[in-house]
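Peer 1: Numbering (my numbering), first residue to last: 630 to 941.
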């Protein structure tokens, strides 16, 4: 029985690197540790460098975000996401797609559409700095150090060790994210690229892209099931859960901007940065692990199939 779909994907080296970045060692770094134990072992660290970013975003968006709308959809996002934990155990769909991942997209779509309307993605892309490893470690460290910020993960089946794995994946892929996927807006060569109808802002691409992958994933698992192994399904599930979790964290930050919670500038930056990074990394890894299936990855070819015969 598969109980943790991320068990194959996030390894002990990734976890140790994450804990090292947070300054945690000793028995806590031995493995099997939840976010609560990590938080207790962390030294207090006031991330003052994050505060100005969060306050700039707040200044842009105060009064424009409907916190009640976001709050009304978040339970549905959490419920649909928590159901994904059982996907590897249930295995591949047989008669028809199950639309388990699409349920997350459906629940999150009203939040996303509202944030598009109010300019949330333009503001967050403008004010968030490039996601270099140092910044991500600072943001993820601030996130991990706050029980309140990490609380939404518990409602999605991603508490305890799974929460550590989620953040470990951010630290493990920070260099890749900074070099190939996420740079600050003012560093983009404007002569070569402009945001517009076909090129979304960075943060919109992270959230909107995550929803599109979630919407497609059930269909992919059904139509390509002859190629898929249990390991591929487990990886796909983990990346789907990660995108859902990142989206929920982003929504939590947006709700705070709308007055739904009293969150400091530093915590706001940590929450949004972690949410966007998780979404961006997961949607970069999903196609590699579940869509671009090589001959070495694919399931064994079946030899028990017979060609259908048709009478004259």
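All C-beta atoms, glycine included, are put in the ideal place defined by N, C-alpha and C.
Ignore the nearest five residues each way along the sequence and tell me which others in residue 946's own chain have a CB closer than 8 Å to its CB.
Peer 2: Residue 946 cannot be examined here, being either before or after the span of the chain that is shown, 630 to 941.
Peer 1: Given residue 753, which residues of its chain have a CB within under 7 Å of its CB, disregarding the five upstream and five downstream residues?
Peer 2: 686, 832, 901
Peer 1: Using only CA atoms, which one of 663, 667, 872 lies nearest to residue 839?
Peer 2: Ranked by how close their Cα comes to the Cα of residue 839, the residues 663, 667, 872 have 872 in first place.
Peer 1: Mind checking residue 767: buried by the 16 CB within 10 Å criterion, or exposed?
Peer 2: buried
Peer 1: Select from 744, 899, 856 the residue whose C-alpha is nearest the C-alpha of residue 830.
Peer 2: 744
Peer 1: By DSSP, does residue 879 sit in helix, in strand, or in coil?
Peer 2: helix
Peer 1: If I measure Cβ to Cβ from residue 929 and keep anything under 6 Å in the same chain, skipping five residues before and after, which residues do I get?
Peer 2: none
Peer 1: In whole angstroms, what is the alpha-carbon distance linking residue 656 and residue 855?
Peer 2: In this predicted model, residue 656 has a pLDDT of only 49, less than 50, meaning its place in the structure is not dependable; the value taken from the coordinates is given anyway. Residue 656 and residue 855: Cα-Cα distance of roughly 43 Å.
Peer 1: Given this structure, state the Cα-to-Cα distance separating residue 764 from residue 806, to the nearest angstrom.
Peer 2: 12 Å
Peer 1: Taking the beta carbon of residue 884 as the centre, do at least 16 other beta carbons fall within 10 Å, making it buried, or is it exposed?
Peer 2: buried
Peer 1: Look up residue 762 in the DSSP assignment and say whether it is helix, strand or coil.
Peer 2: helix
Peer 1: In three-state terms, what does DSSP make of residue 922?
Peer 2: In the three-state scheme derived from DSSP, where H, G and I count as helix and E and B as strand, residue 922 is classed as coil.
Peer 1: Are the Cβ atoms of residue 914 and residue 849 separated by less than 8 Å?
Peer 2: no
Peer 1: Quick check on residue 752: does DSSP put it in helix, strand or coil?
Peer 2: Note: residue 752 maps to helix in three-state DSSP.
Peer 1: Tell me where the alpha helix (DSSP H) around residue 719 begins and ends.
Peer 2: 716–719
Peer 1: Apart from the five residues just before and just after residue 813, which ones in its own chain have a Cβ nearer than 7 Å to its Cβ?
Peer 2: Confidence is the limiting factor: at residue 813 the pLDDT is only 49, short of 50, which leaves the residue's position unreliable and the question unanswerable from this model.
Peer 1: Near residue 918, what residues of its chain come up, given a Cβ to Cβ distance below 8 Å and the 5 sequence neighbours on each side ignored?
Peer 2: Cβ within range, chain order: 638, 861, 864, 865, 868.
Peer 1: Below 8 Å between beta carbons: does that hold for residue 699 and residue 880?
Peer 2: Cβ atoms of residue 699 and residue 880: closer than 8 Å.
Peer 1: Just verifying my parser: in three-state terms, what is the DSSP assignment at residue 890?
Peer 2: coil
Peer 1: In whole angstroms, what separates the C-alpha of residue 858 from that of residue 777?
Peer 2: Linking residue 858 to residue 777 through their CA atoms gives a straight-line distance of about 37 Å.
Peer 1: Just tell me which of 791, 842, 640, 708 has its CA closest to the CA of residue 585.
Peer 2: Residue 585 is absent from the structure shown; the chain starts at 630 and stops at 941.
Peer 1: Measuring CA to CA, which of 727, 668, 719, 749 is closest to residue 837?
Peer 2: 749
Peer 1: Quick check on this structure: which residue in 747, 710, 751 has the alpha carbon closest to the alpha carbon of residue 786?
Peer 2: 710
Peer 1: Just the C-alpha distance for residue 844 and residue 882, rounded to the nearest angstrom, thanks.
Peer 2: 23 Å
Peer 1: Cβ of residue 733 within 8 Å of Cβ of residue 716?
Peer 2: No, the Cβ-Cβ distance between residue 733 and residue 716 is not below 8 Å.
Peer 1: If distances are taken between C-alpha atoms only, which option among 790, 852, 742 comes closest to residue 641?
Peer 2: 790
Peer 1: What does the alpha-carbon distance come out to for the pair residue 808 and residue 924?
Peer 2: For residue 808 and residue 924, the distance between alpha carbons rounds to 29 Å.
Peer 1: Would you mind reading off the limits of the alpha helix (DSSP H) that contains residue 747?
Peer 2: Where residue 747 is concerned, there is no enclosing alpha helix (DSSP H), given that its DSSP letter is neither H nor E.
Peer 1: Taking the straight line between their C-alpha atoms, what separation do you get for residue 887 and residue 922?
Peer 2: 42 Å
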